[in-house]
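Each remark here refers to the structure printed beneath this line.
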Amino acid sequence: MSHRRFYIICTIVALTFLVQKVTGQSSNPNIIRGVCWVAGDSIISRNLDPLVNNHVNWISQTPFGWQGEHNDPNLQYSGDGHWGESDFGLIHSANLAHDRGIKVILKPHIWMHSSSGKWRSDIEMNSPEDWDTWFSNYTNFMMHYAKVAEKGKMEALCIGTELLIPTTQFPERWIELIQKIKTIYSGKLTYAANFYKEYEAITFWGELDAIGIQGYFPLAQEKNPTKEAICKAWEPHIANMERISLKYGKPIIFTEVGYKNSADAAIEPWVWPHRLEEGFVQSEETQAICLDAMFESLWNKSWFDGVFIWKWFHSSYKYSPEEYQLYRAERIKRAKARGRDMKAAQITFSPQDKKGEQVMREWFGKN
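Numbering (this note's numbering), first residue to last: 111 to 477.
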C-alpha cells in the first residue's frame, strides 16, 4: 500500500470517528434501540405504532417464574397464565413485532412472592441437595422458554436476571445450562447481570454472545444533577465495563436501564416509585437529562451494543393510543377520588409522554 493511500484511509477513519463524536451517531449500525415491553391483555399491530415512530428496533418480553422464600428450591411457571406472558401471547407479540421490523429478546425473570426482605440476588439454598433441586427446576424453566423463543423465532434469549449467588458460586452449572439451551435454541444468548458486583464477578461470559447488564448505576449524590455531572459520573463505570468487554471479547448491552421522572432519579435509579420517601419531587427534566447523558456517554463506544429502556406500556387492542391516554387519565382521576396513594401513578420509569421520550426518539433516530 502506498503512503498516500494509507494516509487517505487514516484520514477517512479519523473523520468518521469525529462525525460520530459530534453527531452522537453510534459506530455500530445494528445497535439495539430497545424498550422493555409491558405485557397486556392482548395487542394488535397498531399498538406498536409508537415504537416505530420512536425508531425502536428491539423489544424485550418478560414471563415470570415464581419462587417463595430465597431458600426455597421450588419454582413454578405457567405457559398459559396472563395473556401477555403466556406462551401464546409471547409468540403472538413477537410475530407482530417482526411484521413491523422489530426484533425480540425473551427475558424470563424469577419473582419471589414471600421474600421476607430478600430478592432474587439473595437466592441461596440451605444444602447441596436443595441446590441440585433448584438448578434442576431452573433448567426446566429456562428450557421451556428456550422452546418458546425458538418457536416464536425470537432473535435472542436472556438466560437469567440478577441471580448473584447462583451465578458467582456455581459457574459450571450455568455452562451446563447454556450448552443444553443451545441444543434447542438457535438465537443469540445473554444473561442480565446486576450492575453491582455481579457483572464483574461472572466467569462464564465467554459462553454467551453478549454481556448483559442491568444498568442502574448510581450517578449522583444530590437531586437535579447537571448533564455534565452525570457524564462525569459515568466515566469509572465505562472504564470497568470496557475492561470486562475486552477480557471476554464480548459486546455489552444494557438489558435494562431507566430513570424515574423525579429529582432524585440519578441517586439510586434502581429504587421503585412505591419505595420513595415522603417529599418526593417530580422532574421530567431530570429524567430526560439522565437519559441524554447515558446515550452521550455510551452510544459511540465500539464495545457497546445498545439498550432496553425500562419500560414501555401500550394500550389494549380495545383502544387507540389517543383513547388509551384518556382511559389512563380517568383511572388516575378515580384513584385520587378514592384517596389512594398516587406516588406510583405520578412517578414512573417509563419515558412515555414525557421529555424523556423525545430524548430517546432523537438518539434512536441517529442511526
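Virtual Cβ for every residue (Gly too), placed ideally from N, Cα, C.
Query	Result
Contact between the segment 353–363 and the segment 388–398 (3+ Cβ pairs under 8 Å)	no
CA-to-CA distance, residue 377 to residue 345, given in whole angstroms	16 Å
C-beta atoms of residue 181 and residue 235 nearer than 7 Å	yes
Which of helix, strand or coil DSSP assigns to residue 391	coil
Unbroken stretches of the alpha helix (DSSP H), 4 residues or longer, contained in the segment 260–298	274–279 and 281–292
Residue 421 - containing beta strand (DSSP E), residue span	414–422
Whether residue 259 touches residue 295 by CB criterion (7 Å)	yes
Secondary structure of residue 155, DSSP reduced to three states	helix
Span of the alpha helix (DSSP H) around residue 210	Neither: residue 210 is in no alpha helix (DSSP H) and is coded neither H nor E.
Sub-7 Å separation of residue 168 and residue 213 beta-carbons	yes
Stretch pair the segment 414–432 + the segment 335–345: three plus CB contacts closer than 8 Å	no
Residue 257 to residue 457 span [Cα, whole Å]	37 Å
Residue 463 versus residue 267 - alpha carbon distance	29 Å
Same chain, Cβ closer than 8 Å to residue 413, five either side skipped, listed in chain order	351, 352, 355, 356, 361 and 362
Neighbourhood of residue 240 by C-beta distance below 8 Å, restricted to the same chain and skipping five residues each side	181 and 183
Neighbourhood of residue 459 by C-beta distance below 6 Å, restricted to the same chain and skipping five residues each side	368, 370, 420 and 421
Buried or exposed by the 16-neighbour rule on C-beta atoms within 10 Å, applied to residue 415	buried
For residue 271 and residue 221, the rounded distance between their alpha carbons	10 Å
Under 7 Å between C-beta atoms of residue 150 and residue 189	no
DSSP three-state assignment for residue 250, whether helix, strand or coil	helix
Sheet register partners of residue 216 (DSSP bridge)	171 and 267
Sequence-distant residues of the same chain with beta carbon closer than 7 Å to residue 132, five excluded per side	Reliability of the predicted coordinates at residue 132 is poor, the pLDDT of 45 falling under 50, and the value obtained from them is presented with this limitation in mind. For residue 132, where only same-chain residues beyond five positions count, there are no Cβ hits under 7 Å.
Rounded straight-line distance, which links the Cα of residue 292 to that of residue 313	19 Å
Beta-bridge pairing of residue 468 - partner residues as DSSP gives them	Partner(s): none; residue 468 has no beta bridge.
Any C-beta of chain C under 7 Å from that of residue 249	As a matter of chain content, chain C is missing from the structure shown, which is built from one protein chain.
Residue range of the beta strand (DSSP E) that includes residue 147	142–147
Close beta carbons around residue 469, own chain, < 6 Å, minus the five adjacent residues each side	398, 401 and 402
C-beta atoms of residue 301 and residue 269 nearer than 7 Å	yes
Under the three-state DSSP convention, the category residue 221 falls into	strand
Top-ranked residue by Cα proximity to residue 153, from 146, 207 and 141	207
Local Cβ density within 10 Å of residue 199, reported as buried at 16 or more and exposed below that	buried
Pairwise C-alpha distance: residue 409 and residue 265	22 Å
Local conformation of residue 322 per DSSP, three classes	strand
Of the residues 404, 201, 176 and 155, the one placed nearest residue 325, counting alpha carbons only	404
Distance between residue 215 and residue 174 (C-alpha atoms, nearest Å)	14 Å
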